[in-house]
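S.K.: Residues 944 to 1154 in our numbering are what the sequence shown spells out, letter by letter.
Using N, Cα and C, we set each Cβ at its ideal position, and we do this for glycine too.
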Amino acid sequence: MTEEEKKEQENQESPEEKPEEEAAGAEQKLEAKEDKKHLPASVGEGSISDEMPRRSFFSWLTVAWLAFAAATGGFFAMTVRFLFPNVLFEPPQSFKIGFPDDYQIGQVNIRWKKLHAIWVVRTSEYIYALSTVCPHLGCTPNWLDNERKFKCPCHGSGFRKSGVNFEGPAPRPLERFKITLADDGQILVDKSKLFQYEKGQWDDPESFLKV
Ligand code: FES
């Protein structure tokens, strides 16, 4: 008897065993299905493993947008800053200071000291505009009418009414500015052009106004 004939004979001898095996297999499948049903929802399809990457993607997107917004804002602020730079508003360099008769002969006029940083001096022959900046280290001297001199409060330099230094550490006289008569008869001072005594510039006709 061949092997195949033997198997066929065995099958014919126990026909009731086969359905039992099939039933056992079906039972196992059913149990497995039941187990799946009782698993927590998060373990099923479309659960944590799928959601986590999605969440982290959205949080990275938010961070990216915030970074982009910050960078754009910074760039915009810099652009505005560039369009409106710091502007230093200074008094004009050229200005009128009234008529010659407004100034008394032999007097040092301190009216424009604060606004334009000049003293206006009138002699019997001419008017000139002196700088209020001490040529030593840049302090502002004071006119002492009783002593008829300019005195620097910082290191004690003294200057005569003409502006020439005579005491203290100042290395040279005060400077004078261009002074002319405007069309309307007023005195016009131009601080963009200065004249220095030590360079012989006080002889320049623009450094004084003949009256
Ligand atoms: S700054 Fe005027 S004496 Fe020094």
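Taking DSSP as the reference, what is the three-state secondary structure of W1008?
M.R.: Here residue 1008 is taken as the residue at index 65 of the sequence shown, counted from 1. The answer is helix: DSSP assigns W1008 an H, G or I state.
S.K.: Use the C-beta contact count for S1100: other C-beta atoms within 10 angstroms, 16 or more gives buried, fewer gives exposed.
M.R.: For the purposes of this step, residue 1100 is taken as the residue at position 157 of the sequence shown. Classification for S1100: buried.
S.K.: Any heavy atom of the ligand FES closer than 7 Å to the Cβ of S1074?
M.R.: Indexing the sequence shown from 1 puts residue 1074 at position 131. S1074: no, Cβ never under 7 Å from the ligand FES.
S.K.: Looking only at its chain, what residues have a beta carbon closer than 6 Å to the beta carbon of D1146, apart from the 5 residues adjacent to it on each side?
M.R.: For the purposes of this step, residue 1146 is taken as the residue at position 203 of the sequence shown. Hits under 6 Å: none found.
S.K.: Grouping DSSP H, G and I as helix and E and B as strand, with all else coil, what is L1137?
M.R.: Mapped onto the sequence shown, residue 1137 falls at position 194. Correct three-state label for L1137: strand.
S.K.: Per the DSSP calculation, G1101 is bridged to which residue(s)?
M.R.: In the sequence shown, residue 1101 corresponds to position 158, counting from 1. Partner(s): K1094 and E1110.
S.K.: Is V1132 closer than 8 Å to I1040 when the C-beta atoms are compared?
M.R.: Counting from one through the sequence shown, the residue named residue 1040 turns up at place 97. Counting from one through the sequence shown, the residue named residue 1132 turns up at place 189. In contact: I1040 and V1132 (Cβ atoms closer than 8 Å).
S.K.: Heavy atom of the ligand FES less than 7 Å from the Cβ of A1007, yes or no?
M.R.: To locate residue 1007, count along the sequence shown from 1; it is residue 64. No, the beta carbon of A1007 sits no closer than 7 Å to any heavy atom of the ligand FES.
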